[in-house]
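Novice:
Protein chains: 2
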Amino acid sequence: MKRVDKAVVLLSGGMDSATTLAIASERHSIIAVHFNYHQRTEERELWCFNRLCRHYGVSKKIIIDMDFLSKIGGSSLFKGARPVPVAKFKKGEIPSTYVPFRNGIMLSIVSAIADRNSARYIYIGVVEEDSSGYPDCKEGFIKKFEAAVRDGTKNNNISIIAPLVRMTKSEIVATGLRLGVPYQYTWSCYESNEVPCMKCESCILRMNGFSGAGVRDPILPDLLKSNRG
Amino acid sequence: MKRVDKAVVLLSGGMDSATTLAIASERHSIIAVHFNYHQRTEERELWCFNRLCRHYGVSKKIIIDMDFLSKIGGSSLFKGARPVPVAKFKKGEIPSTYVPFRNGIMLSIVSAIADRNSARYIYIGVVEEDSSGYPDCKEGFIKKFEAAVRDGTKNNNISIIAPLVRMTKSEIVATGLRLGVPYQYTWSCYESNEVPCMKCESCILRMNGFSGAGVRDPILPDLLKSNRG
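Protein sequence lines correspond, in order, to chains X and V.
Each residue of the first sequence is one higher than the last, beginning at 65 in our numbering.
Each residue of the second sequence is one higher than the last, beginning at 65 in our numbering.
#1: Along the region 199–220 of chain V, what residues have a CB closer than 8 Å to any CB found in chain X?
#2: How would you call Trp-251 (chain V), buried or exposed, if buried means at least 16 neighbouring beta carbons within 10 angstroms?
#3: How should Ser-182 (chain V) be labelled, buried or exposed, when 16 other C-beta atoms within 10 angstroms of its C-beta is the threshold for buried?
#4: Is the shortest distance between the beta-carbon of Tyr-247 (chain X) and the beta-carbons of chain V less than 8 Å?
#5: Quick one: what does DSSP say Ala-82 (chain V) is sitting in, helix, strand or coil?
#6: By the criterion of Cβ-Cβ separation under 7 Å, what are the contact partners of Lys-274 (chain X) in chain V?
#7: Taking the alpha-carbon positions, what's the Glu-90 (chain V) to Ala-82 (chain V) distance?
#8: Kindly list, in the order they appear in chain V, the residues whose Cβ is closer than 9 Å to that of Arg-118 (chain X).
#9: Could you tell me whether any Cβ in chain X is nearer than 8 Å to the Cβ of Arg-292 (chain V)?
#10: Assuming Glu-210 (chain V) and Ser-223 (chain V) make a contact with CB atoms under 8 Å, what is their CB distance in whole Å?
#11: Do you know offhand how far Arg-108 (chain X)'s Cα is from His-92 (chain X)'s?
#12: Please look up how many angstroms separate the CB atoms of Gly-168 (chain V) and Asp-215 (chain V), rounded, as I've assumed it's under 8 Å.
#13: Let me confirm a value: Val-259 (chain V) is counted as buried when at least 16 other C-beta atoms fall within 10 Å, else exposed. Which label applies?
#14: Helix, strand or coil for His-119 (chain V), going by three-state DSSP, please let me know.
#15: Quick one: what does DSSP say Lys-218 (chain V) is sitting in, helix, strand or coil?
#16: Taking three-plus beta-carbon pairs below 8 Å as touching, is the region 268–277 of chain X in contact with the region 71–79 of chain V?
#17: Assuming Leu-269 (chain X) and Lys-233 (chain X) make a contact with CB atoms under 8 Å, what is their CB distance in whole Å?
#18: Taking all protein chains shown into account, decide if Pro-281 (chain X) is buried (16 or more other Cβ within 10 angstroms of its Cβ) or exposed.
#19: Beta-carbon of Ile-224 (chain X) versus every beta-carbon of chain V: anything under 8 Å?
#20: Strictly by DSSP, which residues pair up with Leu-74 (chain X)?
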């Protein structure tokens with residue numbers, strides 16, 4: 065398939081952004097952008113980012129250091145912050161893992177990159193339905209942000225695409241498997257141990273996704289194999 | 065006057081942001097935020113920022129390093145970039161001093177700061193009429209960005225105030241003088257020489273402002289005095 069137009073993809077290295085990259089790669093030449101904000105899991109995420117970029121042959125990689133985010137503070141995801149809580153999913157409650165306006169900041173930076181590189185599309189893997197309830201992961205927010213970006217950029221023709229926003233986690237896994245996403249190169253856990261903690265919200269959401277799609281998550285240890293070995 | 069609610073003020077150290085700080089200080093307790101993005105004039109701007117903060121007794125100062133902006137590139141304002149052009153003001157043309165989506169990025173970061181500190185107001189000194197025509201300095205953009213910020217933050221009650229957006233440069237100077245703004249602690253020139261170059265857009269706009277208001281700019285050398293000495 066001929067790839068038309070450039071797209072900037074936010075690629076954290078989690079399962080959602082990897083699936084989003086797979087979708088964008090079908091149509092566009094890719095500029096992949098990764099954000100380092102001194103989160104506990106940065107090293108592992110960066111490894112996934114580089115593997116995914118190689119897998120999809122992206123044309124340009126940009127790594128943005130957001131030192132300042134931990135200076136603003138306010139989230140248990142930062143290194144040295146209070147512990148990451150176990151999953152709760154209380155309706156209408158925003159958990160302590162919330163990083164204030166993180167998607168707003170990341171979207172504004174990739175909008176600058178898109179404007180500078182004459183890319184017409186921005187892809188972001190936000191999920192509204194099956195999420196932790198962060199306010200900047202909702203479709204309404206994305207639409208309003210897009211309207212602001214169109215007004216505030218030189219090329220004023222940028223579209224922000226959030227292909228997963230209405231999907232459940234198992235729909236995301238099913239889509240990704242159909243597109244051949246190498247999920248072994250993704251990391252979702254909020255902690256940075258050898259294996260996922262399976263207690264934090266992000267682990268629970270991922271586990272539901274894979275079990276709902278009826279497949280085994282390739283990053284989980286193969287218990288059968290290790291029992292045998 | 066009793067100061068109610070907190071406001072976050074973007075304070076570059078130029079005449080517009082200094083005037084904006086003066087206006088915000090009349091009503092609010094202030095968190096002042098300065099951005100360093102490796103522009104040619106950063107040292108001088110930072111000096112102005114600190115002086116202005118002391119003058120207005122701001123309650124909190126935050127300096128944000130935006131290293132990444134020069135990595136995105138695209139503006140003659142960065143150190144080591146092509147030279148700053150002399151003023152042209154061609155209708156409908158965006159000059160090379162444009163930093164892609166700079167106000168969008170800065171507004172998203174101060175929105176995070178406002179959300180984190182439960183501040184209800186953000187003040188930004190953008191000017192639409194008497195400006196260089198940057199797309200992210202227009203009132204329509206600010207309104208749309210505010211709508212996105214309300215959707216995307218935890219406290220969802222943030223207002224973005226742009227008190228100068230419809231003023232001419234001479235109205236800004238007149239307003240500032242009425243409020244006693246110490247313009248000797250401001251810098252507008254895009255170059256970083258001992259005295260303003262008086263050739264770049266920013267110098268021309270400032271000069272028009274002071275001459276329109278019928279007052280002498282305190283940062284210009286006193287030619288009469290130096291001739292005498």
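Note that beta-carbon positions come from the ideal geometry of N, C-alpha and C, so glycine has one too.
Specialist: In brief:
#1: Pro-199, Asp-200, Lys-202, Gly-204, Phe-205, Lys-208, Phe-209, Ala-211, Ala-212, Val-213, Asp-215, Gly-216, Thr-217, Lys-218 and Asn-220
#2: buried
#3: exposed
#4: no
#5: helix
#6: For clarity, residue 274 (chain X) is Phe in the given sequence; the question names Lys instead. Residues of chain V passing the Cβ test: none, with the nearest at roughly 29 Å.
#7: 13 Å
#8: Those within 9 Å of Arg-118 (chain X) in chain V number zero; the least Cβ separation is about 21 Å.
#9: For Arg-292 (chain V), the predicted structure reports a pLDDT of 44, less than 50, and the residue's modelled location is therefore unreliable. A value from the coordinates is still provided. No - not a single Cβ of chain X is within 8 Å of the one on Arg-292 (chain V).
#10: 7 Å
#11: 26 Å
#12: Incorrect: roughly 15 Å between the Cβ atoms, too far for contact.
#13: exposed
#14: helix
#15: coil
#16: no
#17: 5 Å
#18: According to the sequence displayed, residue 281 (chain X) carries Asp and not Pro. Counting Cβ neighbours within 10 Å, Asp-281 (chain X) comes out buried, since at least 16 surround it.
#19: no
#20: X:Val-97
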